[in-house]
Amino acid sequence: MFLLIILGAAVAFFVIALIMAAGSGKKGQEQGRASKRQSPSSSGGSAAGHREELRLPYRYADDSLFVHGDSVWTGLVLPTAIDEYLNATELQAMAEAPARGLLNLARGDRNVECHYRKVYQPITAVGWAEDLNTVAWDPTENYKAYNLRKAEYQERIGANRERNILLVKLGSLKRHGKSGVMAGDDEPHDEPSLLQGVHNLADRAAASATGVSDEYLSPSLLAEWTQVATEVHESLEGLGGTPLTREELVWLIRKPLHGDLPVPPEPVLGSRAWGPNQFDLVVDFSGENRKTHIVLHQYDEISGERKTSYTTTLVAANWPTETRFRQSTAWARYTSQNVEFPVEIDMRFTLIPYLRFKNRADKIQGNLMDEIKDMATSGRSPDTKLASQVARAKDLVDDIDEHKMPGMEAQIRFTISAPDLKELERRRRVLEMQFKQDLKVTLLRPTRQQWRLLQSQLPGDTPKLPIAPYLRLQEVEQLGAGLPTAGTELGDNPETRSGRRLGWVGSLVGWAGKMPVHYSLHVGPARNDGGGLAIVGASGGGKSSLALQKFYEESESGVRCLVIDPKTDFAQLCYYLAFGSQVNDPDFAAEAEAGNLGTSASRFRPINPEFWDETEVVDLLKGQAGVLDPWVIARDVPAGRLLAESMLRGFLGDEDYQRVRLPVIEAMATVVSRYNSAIRQAVEHGMDARDAERSTQRPTLWQVVDEVVAAYDTAVAEGDREAQKDLKLAQMLLTELRTLPYARLAFSDRPKPLSSMRKRRTVITLRGFQSPAASDPRSWNPAERLAATALMAVVELGSQMLDVGYEKNPVTGEVGLRPKALFVDEAYVVTATDSGRDLMRRALKQGRSYMAVTVLITQQAIDLVQIEDSEARSGGANQIHTVFAFKQKSAQEASLVAPLLGRSEDDPKVIAALQELRTGVCLQRDADKRVGTVAVDLVFQEILAATDTNGTSRPARQSVDPPTSVLDWKFIQEAEPAPVRPAERTEAQPA
């Protein structure tokens, strides 16, 4: 049994704070005196000295370096990079990056000690939820609860984040140390002593009482070492790491001493100035040093309850003679992604300069050759193992002679922890078996060395270990070949530019392996990326469920959402969350179509009035004629004229439109000229130009048709047969358009706009809308052309409705741009035409400036690729910042989606994956262009029911009223099975 209390780090921080706060006092005047620790002369002194020996020697730390004993270290937190769909060239670059950085450190004449750690840090989701609630524009109480419940869900699952940390020894406080990044003579030092002590009687008495001596480093010395640390960070900048902060260092010290127990988020130093012998406790634990493992005990400070963890460390004792680089068997990647439980990696290695590395290799080869000669002299033949060692030594020497590169000596260790000994032994056996079978690596558990192996995981100098035979002399590439930074992190990733933090971490959408994936619509524009999100996939793959989930979350956060909803899926979600199981009533659909829900004219009353009050569902096809008149929709009259031409071309088809184009253009010119004349006359009579525009009716398509009809009548009256020939077809086609479905929405002699969109949610439905079966508009029949053109006009309407100015934030009171979102379902119908793609390009470009994100939900990806490609060719940035790609039915369809993911259209890995995806699983390309597999997680039973678009399973799921408060919602794992009839249980996943 042993008790260990780490106080050294606190002392170090106290000392540096003392220098800064009391530099002009007596202690500051003693900087030139040598530090001397008093020898204990009594039993009390012996006890104090014993306590001094027990503490770990962390003397100083800041956000750049730390001092452990006499050695000075710095650290980098390396970013994880998802490698799931990288090609061979990209994988090679990932593997070579660590070696390139490390080679920069080994250019001097001394060995450089390094320490690589892969550890797992539990995700503190409550902090994430609170931050997300803070950045929301106008969050409802349910939205706040929704995020806090999701935080509870993540922590209940036990989600961990990989932390890859590289520590580098800079040198020694004592000159002429044995290792470091600088020559011994160049190491920063003070004269006559580096370590200054405090020796007045009061301090000596305090040190005797506490058992810990106060000490500090001079600011000038720290400044010199900080410069060395900065230079090391610059030489490793290719790794993309960030400096290890003081807080992260303390967590790294605590982590090995907690096993699989959570590291408590205790405050970490720096919160106050310290006086003499005031300390912060970094970690307090007790444990039992067993033969094959360590038993760690932690105590709850409030209840006193003891919690126990069991931990053991294994050493890589034998590696294959030849190791070919393969993604699936890269040792660090394999450990993190192919083992069911967390395995922490501890790799101590020493970088050896070229000449020293060559001498070591030559000596090893010479010793082996001498052994072979001795065996030959005695008449014995070398065994297979010795012959293999000779061959490997020769290859190493030849490689060194050829490349003249530094090398390294390394030992790789793997630590596992468990809540009980039985589980610990099971995990050990599993790990040993998997490494043996898949990697051909033998893991050995040293006995009676577990405490030292545990100590070795702590940052700083390592204790001497009598297991040197397992050290490997090898090329520097060994670390990178293990792909240590390969992970599964995807989704929102805030970044800092010019000291400003851009973006935030949005709501949980699913899981990439063991890692949660978060996404918010507006993180892309907040980071100055494009204003578009694409959700693509075949019917039944899960794209609608994801889109509906995001619609609910974003609208509840305060994002003003407008949905173009041809299939009424979004309206159905709103109906269920507002009216509950009443949606299954046979009369409910008729009341919804009539627009009577929630009014005195309807017997259906909302069970969630607050939600329904912020929702508006508009059935466009049952609305008044002229609501889609191009001059009503467009921003101004010139834009309306262009839109009018695009709509008529869409309604009539290219062939018929070309036949009537001339009389249509002349009619448009006439009505626009009449409008302009009215404006001029109003201004001439003293009216303000803006007032004149507001009081003068804009041109209408109805007027354009009237002009064509009038021109035809005039030609008939005048007997102008040539004019009659062109005008007869035009007046016939245009007159008929006024009465046709969809097209009639664009014609009225007195058109009126839709009511302004001021609620959280506005859903524009097109009940009865039939999407064109073909993606090529040349194959559309007249009815499909009418529907597609009407949908394009609705999208134009939606984009204009979202184009509003600044508003006062109801939470903060500050004036700013309210975030907005336009959801376009069946988006391929719009993007299939040139005019539709132009419309989408404008919406995406303007969205970034107006904080308006366009969500494109489609089964066809080719037109989105064309939009992205056109932007790239024009030198612009891609406007679709994130893509979620669900299952594709064929290799041809998958090849069209691959470019949206940033991969080649003939990428075999991506094409195969897209065809094999299960329902609810997709490939995501995030704002950082990372691509990985994500399993969408709806989390709540109520969201699962609300987003169900399957006509068979939806009635059963929506037969239960959702609680008004999200606090009463059930996690899917906890919910009782939905009362689905046996014949309907073929598919439980979202559509």
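Under our numbering, the very last position in the sequence shown is 1568; numbers go up by exactly one each time. Ideal Cβ placement from N, Cα and C applies to all residues, glycine included. Every value quoted in this text rests on a predicted model; they were computed, and no experiment measured them.
Bridge partner(s) assigned by DSSP for residue i
{"i": "GLY1345", "result": "Paired residue(s): none; GLY1345 is not in a bridge."}
{"i": "ASN741", "result": "LEU655, LYS695"}
{"i": "LEU1433", "result": "ALA1111, VAL1401"}
{"i": "GLY1385", "result": "What sits at residue 1385 in the sequence shown is Lys, not Gly. In the DSSP output, where bridge partners are listed per residue, LYS1385 has VAL1392."}
{"i": "LEU1085", "result": "HIS1095"}
{"i": "HIS645", "result": "TYR635, SER648"}
{"i": "ILE993", "result": "THR889"}
{"i": "PHE561", "result": "Nothing about residue 561 can be read from this structure; the chain reaches only from 578 to 1568."}
{"i": "ASP1196", "result": "THR1342"}
Best match in the options for proximity to residue i [C-alpha to C-alpha]
{"i": "ASN944", "options": "LYS999, GLY1037, ALA964", "result": "ALA964"}
{"i": "PHE1188", "options": "ARG687, LYS950, GLU1054, SER1134", "result": "SER1134"}
{"i": "ASP1415", "options": "ILE1434, GLU1403, GLN1443", "result": "GLN1443"}
{"i": "PRO1276", "options": "ILE1256, GLU732, LYS1464", "result": "ILE1256"}
{"i": "TRP714", "options": "ALA722, TYR1152, GLU732, VAL1136", "result": "VAL1136"}
{"i": "GLN1280", "options": "LEU813, SER1325, LEU1314, SER1376", "result": "SER1325"}
{"i": "VAL696", "options": "ILE922, ASN1105, TYR720", "result": "ILE922"}
{"i": "LEU821", "options": "MET985, VAL892, ALA638, ASN866", "result": "ALA638"}
{"i": "ASP1571", "options": "VAL1113, PHE862, GLY1090", "result": "The chain is shown only over 578 to 1568; residue 1571 falls outside these bounds and no answer can be derived."}
{"i": "GLU1313", "options": "VAL892, VAL1282, PRO1396", "result": "VAL1282"}
{"i": "ARG1335", "options": "GLN1274, VAL1498, LYS1397, ASP972", "result": "LYS1397"}
{"i": "ARG1182", "options": "GLU1193, VAL1194, VAL1160, GLU1170", "result": "VAL1160"}
{"i": "ARG1344", "options": "LYS1305, ASP1483, THR1145", "result": "THR1145"}
{"i": "THR1408", "options": "ASN915, ALA1111, ALA1221, VAL1430", "result": "ALA1111"}
{"i": "ALA670", "options": "SER1348, GLN1011, GLY1057", "result": "GLY1057"}
{"i": "GLN1026", "options": "ASP1196, ARG1419, THR869", "result": "THR869"}
{"i": "LEU813", "options": "GLU667, VAL758, LEU798", "result": "VAL758"}
{"i": "ALA970", "options": "SER1352, ILE941, SER1348", "result": "ILE941"}
Cut-off 6 angstroms between Cβ atoms - residues of its own chain near residue i, not counting five sequence neighbours on either side
{"i": "THR819", "result": "VAL654"}
{"i": "ALA736", "result": "ILE700, PRO1093"}
{"i": "GLU1551", "result": "none"}
{"i": "VAL845", "result": "The predicted model places VAL845 with a pLDDT of 48, which falls under 50 and marks its position as unreliable, so this point remains unresolved."}
{"i": "GLU1564", "result": "At GLU1564 the pLDDT is 39, less than 50, meaning the model places this residue with poor confidence; the figure from the coordinates comes in the next sentence. Counting only Cβ-Cβ distances below 6 angstroms, and skipping sequence neighbours, we find nothing."}
{"i": "VAL644", "result": "ARG636, TYR637"}
{"i": "THR657", "result": "GLU739, THR1062, GLY1064, GLU1066"}
{"i": "GLN1034", "result": "PRO833, ASP923"}
{"i": "GLY836", "result": "LEU873, SER886, THR888, SER994"}
Cβ-based neighbour list, residue i, same chain, cut-off 7 angstroms, excluding 5 preceding and 5 following
{"i": "ILE1549", "result": "LEU1515, VAL1516, PHE1517, GLN1518, LEU1521"}
{"i": "LEU816", "result": "LEU653, LEU655, ALA674, PRO675, GLY678"}
{"i": "GLY1479", "result": "ARG1502, LYS1506, VAL1508"}
{"i": "ALA1202", "result": "ARG1321, LEU1322, PHE1324, SER1325"}
{"i": "HIS1262", "result": "none"}
{"i": "GLN1235", "result": "none"}
{"i": "GLN1308", "result": "VAL1285, VAL1286, TYR1289"}
Cβ shell of residue i (< 8 angstroms), same chain only, five flanking positions each side left out
{"i": "SER958", "result": "MET952"}
{"i": "THR1073", "result": "LEU1079"}
{"i": "PRO930", "result": "ALA683, ARG684, GLY685, ASP686, ARG687, ASN688, PRO983"}
{"i": "SER601", "result": "The pLDDT assigned to SER601 is 29, lower than 50, so where the model puts this residue is not dependable, and the model offers no usable value."}
{"i": "MET946", "result": "VAL967"}
{"i": "ASP978", "result": "LYS935"}
Completely contained beta strand (DSSP E) runs for the segment 877-950, where each covers 3 or more residues: Entirely contained in the segment 877-950, the beta strand (DSSP E) runs reaching 3 residues are, in chain order, 883-895, 921-929.
Three-pair Cβ contact test at 8 angstroms for the segment 1068-1088 versus the segment 1096-1109: They touch, by the three-pair rule.
Contiguous alpha helix (DSSP H) assignments of at least 4 residues, all confined to the segment 1096-1146: With a minimum length of 4 residues, the continuous alpha helix (DSSP H) runs that stay inside the segment 1096-1146 are 1100-1103, 1120-1134.
The segment 1491-1498 / the segment 1456-1476 touching (three or more Cβ pairs under 8 angstroms): Yes: at least three Cβ pairs fall under 8 angstroms.
Three CB pairs or more closer than 8 angstroms across the segment 1228-1246 and the segment 1415-1435: No: the two stretches stay apart, fewer than three of their Cβ pairs being nearer than 8 angstroms.
Complete alpha helix (DSSP H) runs within the segment 1035-1071 (minimum length 4 residues, chain order): The alpha helix (DSSP H) runs lying completely inside the segment 1035-1071 and spanning 4 residues or more are 1054-1058, given in chain order.
The segment 1309-1328 / the segment 1222-1231 touching (three or more Cβ pairs under 8 angstroms): Judged by Cβ distances under 8 angstroms, the segment 1309-1328 makes contact with the segment 1222-1231, as three or more pairs qualify.
Meets three-Cβ-pair contact criterion under 8 angstroms: the segment 991-1009 and the segment 884-900: Because the criterion of three Cβ pairs below 8 angstroms is met, the segment 991-1009 and the segment 884-900 touch.
The segment 1294-1308 contacting the segment 1246-1261, beta-carbon criterion three pairs below 8 angstroms: Segments in contact, no.
Meets three-Cβ-pair contact criterion under 8 angstroms: the segment 705-724 and the segment 1525-1544: Contact check between the segment 705-724 and the segment 1525-1544: three or more CB pairs, one atom from each, fall below 8 angstroms, which counts as touching.
Cβ pair count under 8 angstroms reaching 3, the segment 1525-1541 against the segment 1142-1158: With the rule of 3 Cβ pairs closer than 8 angstroms, the segment 1525-1541 counts as touching the segment 1142-1158.
The segment 1207-1219 touching the segment 1366-1376, judged by at least three CB pairs closer than 8 angstroms: These segments touch.
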